[in-house]
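Trainee: Taken in order, the sequence shown gives residues 206 to 530; the numbers are from the working numbering.
This is the structure, below, for whatever I ask next.
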Amino acid sequence: MIQSIWQPNQTVQAQLAALKPYLAQHVQIDNVAINTRVHELLAAGGKFLRPGFFYLFSQFGRDQDATRLRAGAAAMEMLHVATLIHDDVIDQAPERRHVPTIHQDYGQRNAIYAGDLLFTCYFDQVILAAKTPADIQVNVAAMRTILQGELDQMAHNFHPETSVADYVRVAQGKTARLFSLSCEQGANLADAPTAVIALARQIGERLGVAYQVLDDILDFTGNEHRTHKPVLADLKDGVYSLPLIYALHAQPQLAEQLPMPGESSTTAQLRQIRDQVVAAGGVDQAQRFANDYTQQALALIDQLPAGDTQRALHDLVCSLLGRDH
């Protein structure tokens with residue numbers, strides 16, 4: 206079932222519903238067990254945000270080639286799911302979207318290869334969707350930025366001196382670049398005006414950073430039954446997200462309590478740190494930061510051509526700001 210966030214836009218909802226069987230058809234892995242698990246993950250669907258934004262921005266264009274747009278939207282979801290499979294290996298997550306992770310049942314090596322195979326499926330769809338070689342090159346550059354963002358994050362793990370600027374640079378790479386790519390390519394492949402394509406890229410970047418900050422806030426405040434992933438996971442793994450960075454600014458001595466590489470922190474210890482992060486105002490400051498980036502995205506949306514699509518984007522971005530999962 207497609208997420209309720211798309212119900213107000215029946216066109217996008219129908220496009221996303223049709224995308225699910227298309228994804229299943231175009232992701233085929235010879236290993237039956239791995240193929241089944243990947244298909245379960247694709248069918249679970251998540252929020253379908255990247256292909257959804259792709260389709261929304263495609264509405265600003267005059268070329269509504271359904272075959273090309275479907276391939277472009279599929280590429281965005283395939284790239285996203287491939288990065289999730291790799292993330293789950295790094296995070297040692299037991300499940301994703303209510304589906305047991307591949308590494309949990311079949312080992313890290315098989316999970317990494319499954320993610321790599323999805324990258325090849327992604328490029329198959331990129332080639333189908335592309336109108337020019339430049340369209341392919343945009344995807345190559347975006348994938349490079351996304352992977353570099355993941356490496357940048359690992360370089361900052363367990364470093365209390367990680368700055369807000371460091372955090373933003375990582376978020377712009379590992380999360381925001383896929384949002385901006387989805388928005389930009391939706392407009393571009395539908396032959397939207399050049400100004401709209403540029404706005405799409407900027408809106409996606411602001412939205413992606415805000416989305417990452419909210420994701421990191423939920424690591425401290427979220428309910429596992431709603432987020433479908435363990436809370437405090439980043440804290441345990443030495444990922445210094447924005448709420449923690451702000452809390453360390455207010456209380457530098459908090460660094461003495463943070464997990465060190467190789468240490469095993471108890472749930473009680475992690476919760477105690479979480480309570481201090483909240484008390485120090487880290488979550489509130491991070492929320493204000495997310496609000497600011499969201500307002501920047503909304504201001505850019507106001508510059509898009511007026512109409513139903515512009516209003517739908519405005520409402521969707523506002524709803525994402527208040528999400529709890």
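Every residue gets a Cβ at the ideal spot worked out from N, C-alpha and C, and that includes glycine.
Quick caveat, the model's predicted, so the values are computed rather than measured.
With distances taken Cα to Cα, identify the nearest neighbour of D292 among K379, Q220, R255.
Mentor: Ranking the options by Cα distance to D292, first place goes to K379.
Trainee: Taking H361 as the reference, give the member of D371, P457, N496 with the closest Cα.
Mentor: Minimum Cα distance to H361 is reached at D371.
Trainee: Closer than 7 angstroms by C-beta to Q501: which residues in its own chain qualify, once you throw out the five before and the five after it? Chain order, please.
Mentor: The answer, listed in chain order, is R411.
Trainee: Does the contact criterion of 3 or more C-beta pairs under 8 angstroms hold for the region 349 to 361 versus the region 215 to 233?
Mentor: No: the two stretches stay apart, fewer than three of their Cβ pairs being nearer than 8 angstroms.
Trainee: For T216, which option in A248, F259, D235, A249 has the closest C-alpha, if you only look at C-alpha atoms?
Mentor: Nearest C-alpha to T216: F259.
Trainee: What three-state label does DSSP hand V331 in the structure shown?
Mentor: Three-state DSSP puts V331 in a helix.
Trainee: For my contact list, Q515 and L509 are in at a C-beta cut-off of 8 angstroms; report their separation, rounded to the angstrom.
Mentor: Going by Cβ atoms, the distance from Q515 to L509 rounds to 5 angstroms, so yes, they are a contact pair.
Trainee: Which of the three DSSP states, helix, strand or coil, is assigned to E461?
Mentor: If DSSP states are grouped into helix, strand and coil, E461 belongs with the helices.
Trainee: Buried or exposed: where does I402 fall if 16 or more other Cβ atoms within 10 Å of its Cβ makes it buried?
Mentor: Buried: at least 16 other Cβ atoms inside 10 Å.
Trainee: State buried or exposed for Q417, treating a residue as buried only when at least 16 other CB atoms are found within 10 Å of its CB.
Mentor: When all chains shown are included, Q417 counts as buried.
Trainee: Find out if the Cβ-Cβ distance for the pair D421, A491 is shorter than 8 angstroms.
Mentor: Yes, the pair counts as a contact, with Cβ atoms nearer than the cut-off.
Trainee: Does DSSP put M206 in a helix, a strand or coil?
Mentor: Unreliable placement is indicated for M206, whose pLDDT of 44 sits below 50; no coordinate value is reported for it.
Trainee: Taking all protein chains shown into account, do 16 or more other C-beta atoms lie within 10 angstroms of the C-beta of Q264, making it buried, or fewer, making it exposed?
Mentor: Q264 comes out buried.
Trainee: Consult DSSP for V232 and reduce its assignment to one of helix, strand or coil.
Mentor: Here V232 sits in coil by DSSP.
Trainee: I'd like to know if the region 468 to 488 and the region 448 to 456 are in contact, where contact means that at least 3 CB-CB pairs between them fall below 8 angstroms.
Mentor: Yes: the two stretches touch, three or more of their Cβ pairs being nearer than 8 angstroms.
Trainee: If distances are taken between C-alpha atoms only, which option among T472, D235, A248, H285 comes closest to K441?
Mentor: Taking only the C-alpha atoms, the option nearest K441 is T472.
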